[in-house]
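Residue 259 is where the sequence shown starts when you use this note's numbering, and the numbers rise one by one after that.
By construction, the Cβ of each residue, glycine as well, lies at the ideal position given by its N, Cα and C atoms.
All values reported here derive from a predicted model rather than from experimental measurement.
Report on the following structure.
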Amino acid sequence: MNKFLNYFLLTPLLAPSLLIAQQIDVEIEEILVSASLLPITINRSANAITVIDRNQLKNRAVTSVSDLLRDVAGLAVSRSGVQGSQTQIRIRGSEANHLLVLIDGVEANNPSQSDEFNWGTLVASDIERIEIIRGSQSSMLGSDAMAGVVNIITQSAEQPFGIKTFAEAGSFDTQNNGVSVELKNEDFDMRLGISHLQTAGENISRTGPEKDGYENTNVNLKSNWSATDQLHLTFAARQADGINEYDSDGNFDSLIDDQDQVSEFRNVTMRLQAHHSSIDGRWQHQVSVGQSTNDNDEFTLGIPGTATNSTKEQYRLLSSLFWDKQKQRASFLMEREEEEFQQRGAINDYGVFGIYDPNQSRGRNTDSIALEYRADTSKKLTLGVSARYDDNSEFKRGNTARIEVIYQINDHLRLRSAYGTAIKNPTFTERFGFYTNFIGNPSLEPEESVNWELGIDRQFLEGAFSLSATLFNSELDNEIDGNFMDPITYRYTSKNREGSSKRQGIELTTASKLNDVLFFNTSYTYTDSVELDGDNHYADEARRARHTGSLNLSWQAMENLHINTNAQYNGSQIDVVYPNNIRLEDYTVVNLSLNYGATPKLGIYLRLDNLFDESYEEVFGYQTLGFSANVGARYRF
């Protein structure tokens, strides 16, 4: 905490013009694609929303998207080791599989890994923008969106013909290279991007010399075609293919051992969408087919272990009708989702405890309908109501709903509120999964939550300074405990907890334009996420720090030189080390990046991560990276 405060106090010394405030043009009409069934503007949504655009991605020069999301209020990032390692993101104290991840409209959560998205495999190349919508979206997007949505939109072609390339090298024998080619005419465009990242890494465990490396080859294809003025087609596909080396607790003593273990992964998303609009724009239709596949193969000392494969297919029809001069809109969604899960591995004989067979082939389907109504009843008041019905082949039928009220008091002050219900179905892993020391539980029930939020957005000094504050509250029933130990067999399993888990807190964000070249952003989150323990008392949930925050100073030092300084604070938090809980210390990580435009076509950048070489753990027993330096170049032909 002291380093975080010192950094905050030193900021004025880094930028003497901090006290100069000038007018800022605030873009309140920014379009979103994931805060509603159809695009709406930020000022018409009750959600707390953060948008990361391509300029921010370029200026920070990060290789992993999860490193950027550490700045976002309400998000807690836990990485089990070094770059490429299993990475979880929890939003507002929820579980990692309560956050839906969309890549160009495709649900990318992995059914074979507890419906979580492994952020360790998502590189930042070829991404146009990232939208983070905090708050339940189950009433529109279903089970995986219980706590929020991260919508990732990849780049489209922008010029008739163009080639762009980049190359980067740095600490831990890291190399990151890529190239993209794009074509565009009046009716058609296409862009193909390919990148490859590899690093030798460092040892994840506290003992031993073996380094844990990472490789990721990413291919991204996107194409748009305007067949007529009213009919538009889009195809998008993205593949991540690579390996990550890791360590684990091989002798079940709760300490991570230095082991030669490798995970090979291939994650693919693809989607074809047709959008048709009437001539006057009042009647719109979208038809889409999407698919995501995830393959994971585990090896120990080169010997094959468990292998998992999952496929999720979605078929969607969305129709929307506008009236009252576009002030009112009703949308109707029909959706079918088909999921398949396979697991393969060696059969183990545990003597008196029986024979355990990990081989599974499972599937389930969900047929859904959803309705949404939105109305700008006046220039100041916006109402939104949505409801969804899910008929799942494995669970009881689910119903979710949400209501939003947004009131724009004046040009500088806005109030927003929302109340809703959400569900999260048990995962394949929780019900049927098997790996070392874990057995699934097919009798699990869906999790259910009731949630609300209240927010205020205020601008000061003619827009030079803005403040956003959000109170949030959620109560979760039937929470699934995936780390319940059977005292008889000493094996882990899953079970529904009795009673309710509670999550509440406050998010604060500020944005300042200090002058024409200096910008300063901050975020702070207080999260109180508790569950009932064995003594029927409320206790903190694991890997959810009560206090998190970030500072970002963006300085256009010269016309062709941009400097970004970033600090991320994570308060102390507990982690589960059976049969006890371990408290992890708080930490502050400071990063620095410089972007220099050498010529109109050539850019050079430098990224310094963990500037003060902070030593910390985000997950008990897993070491993180110390100071690193990387230099790179971008060239546009």
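>> Just verifying my parser: in three-state terms, what is the DSSP assignment at Ile300?
In response: Position 42 of the sequence shown, counted from the first residue, corresponds to residue 300. Ile300: helix per DSSP, three-state reduction.
> How many Å lie between Tyr880 and Asp507 at the Cα?
Replying inline: Within the sequence shown, residue 880 is the residue found at index 622, counting from 1. Within the sequence shown, residue 507 is the residue found at index 249, counting from 1. Going by the C-alpha atoms only, they are around 10 Å apart.
> What are the boundary residues of the beta strand (DSSP E) that Leu441 is part of?
Replying inline: Position 183 of the sequence shown, counting from 1, holds the residue named residue 441. Leu441 -> beta strand (DSSP E) spans 432-442.
> Relative to the alpha-carbon of Ser812, which residue among Arg529, Ala494, Ala769 has its alpha-carbon at the smallest distance?
Replying inline: Start at 1 with the first residue of the sequence shown, and residue 812 comes out as number 554. Of Arg529, Ala494, Ala769, the residue nearest in Cα terms is Ala769.
> Leaving out the 5 sequence neighbours to the left and right, which residues in its chain are closer than 8 Å to Gln417 when beta-carbon positions are compared?
Replying inline: By one-based count along the sequence shown, residue 417 stands at place 159. These residues qualify, in order along the chain: Glu440, Lys442.
> Would Ser707 pass as a contact of Ala680 if the rule is Cβ separation under 8 Å?
Replying inline: Locating residue 707 in the sequence shown gives position 449, where the first residue counts as 1. Locating residue 680 in the sequence shown gives position 422, where the first residue counts as 1. Closer than 8 Å, so yes.
> Between the Cα of Glu595 and the Cα atoms of Gly500, Met404, Asn650, Gly436, which residue gives the shortest distance?
Replying inline: Walking along the sequence shown from the start, residue 595 turns up at place 337. Looking at the Cα atoms, Asn650 is the closest of the given residues.
>> So, with DSSP's three-state summary, where would you put Asn794?
In response: In the sequence shown, counting from the first residue as 1, residue 794 sits at position 536. Coil, per DSSP.
> Going by the CB atoms, is the gap between Asp739 and Ser752 shorter than 8 Å?
Replying inline: Stepping through the sequence shown from its first residue, residue 752 is reached at position 494. Stepping through the sequence shown from its first residue, residue 739 is reached at position 481. A contact, by the Cβ cut-off of 8 Å.
> What is the residue span of the beta strand (DSSP E) that Ser644 lies within?
Replying inline: Here residue 644 is taken as the residue at index 386 of the sequence shown, counted from 1. Taken as a continuous stretch (DSSP letters only), the beta strand (DSSP E) holding Ser644 covers 639-650.
> In chain order, which continuous runs of the beta strand (DSSP E) of length 3 or greater are located wholly inside the segment 319-357?
Replying inline: 333-337, 345-349
> Glu756: buried (16+ other C-beta within 10 angstroms of its C-beta) or exposed?
Replying inline: Here the question's residue 756 lines up with position 498 in the sequence shown. Exposed is the call here.
> Which residue from Gln395, Asp871, Val889, Asn849 puts its Cα closest to that of Thr882?
Replying inline: Here residue 882 corresponds to residue number 624 of the sequence shown, with the count starting at 1. Comparing Cα positions, the closest option is Asp871.
> If we ignore side chains and look at the alpha-carbon of each, how far apart do Asn435 and Gln826 end up?
Replying inline: Numbered from its first residue, the sequence shown carries residue 435 at position 177. Numbered from its first residue, the sequence shown carries residue 826 at position 568. Going from the Cα of Asn435 to the Cα of Gln826 covers about 27 Å.
> So, are the CB atoms of Leu641 and Thr635 less than 8 Å apart?
Replying inline: Counted from its first residue, the sequence shown places residue 641 at position 383. Counted from its first residue, the sequence shown places residue 635 at position 377. Yes, Cβ-Cβ distance for Leu641 and Thr635 is below 8 Å.
>> For the pair the segment 370-378 and the segment 353-362, tell me if three or more CB-CB distances fall below 8 Å.
In response: yes
> If you draw a straight line from the C-alpha of Ala978 to the C-alpha of Val330, how long is it?
Replying inline: The structure shown does not extend to residue 978, since the chain spans only 259 to 895, so no value can be given for it.
> To the nearest angstrom, how far is it from the Cα of Asn409 to the Cα of Ile613?
Replying inline: For the purposes of this step, residue 409 is taken as residue 151 along the sequence shown, with counting starting at 1. For the purposes of this step, residue 613 is taken as residue 355 along the sequence shown, with counting starting at 1. Using only the alpha carbons, I get a separation of about 43 Å.
> Distance, Cα to Cα, Asn478 vs Ala382?
Replying inline: Position 220 of the sequence shown, counted from the first residue, corresponds to residue 478. Position 124 of the sequence shown, counted from the first residue, corresponds to residue 382. Approximately 11 Å, taken between the alpha carbons.
>> Which complete beta strand (DSSP E) runs does the segment 742-813 hold, if anything under 3 residues is left out?
In response: 750-754, 758-771, 776-790, 796-798
> Cα-Cα, which of Ile390, Thr566, Gln586 is closest to Gln618?
Replying inline: Taking the first residue of the sequence shown as position 1, residue 618 is located at position 360. Ranking the options by Cα distance to Gln618, first place goes to Thr566.
> So, are the CB atoms of Leu327 and Ile347 less than 8 Å apart?
Replying inline: Looking up residue 327 in the sequence shown gives position 69. Looking up residue 347 in the sequence shown gives position 89. Yes, the Cβ-Cβ distance between Leu327 and Ile347 is below 8 Å.
> Below 8 Å between beta carbons: does that hold for Thr624 and Glu598?
Replying inline: For this step, residue 624 is matched to residue 366 along the sequence shown. For this step, residue 598 is matched to residue 340 along the sequence shown. Contact: no.
>> To the nearest angstrom, how far is the alpha carbon of Glu365 from that of Tyr665?
In response: As a first step, residue 365 is located in the sequence shown; it is residue number 107 there, counting from the start. As a first step, residue 665 is located in the sequence shown; it is residue number 407 there, counting from the start. Using only the alpha carbons, I get a separation of about 32 Å.
>> My assumption, with CB atoms under 8 Å, is that Ser536 sits in contact with Ile391. Please give the rounded CB distance.
In response: Counting from one through the sequence shown, the residue named residue 536 turns up at place 278. Counting from one through the sequence shown, the residue named residue 391 turns up at place 133. Incorrect: roughly 28 Å between the Cβ atoms, too far for contact.
>> Please identify the residue among Thr345, Ser808, Thr432, Thr846 whose C-alpha is closest to the C-alpha of Thr783.
In response: As a position in the sequence shown, residue 783 is number 525, starting the count at 1. Nearest C-alpha to Thr783: Ser808.
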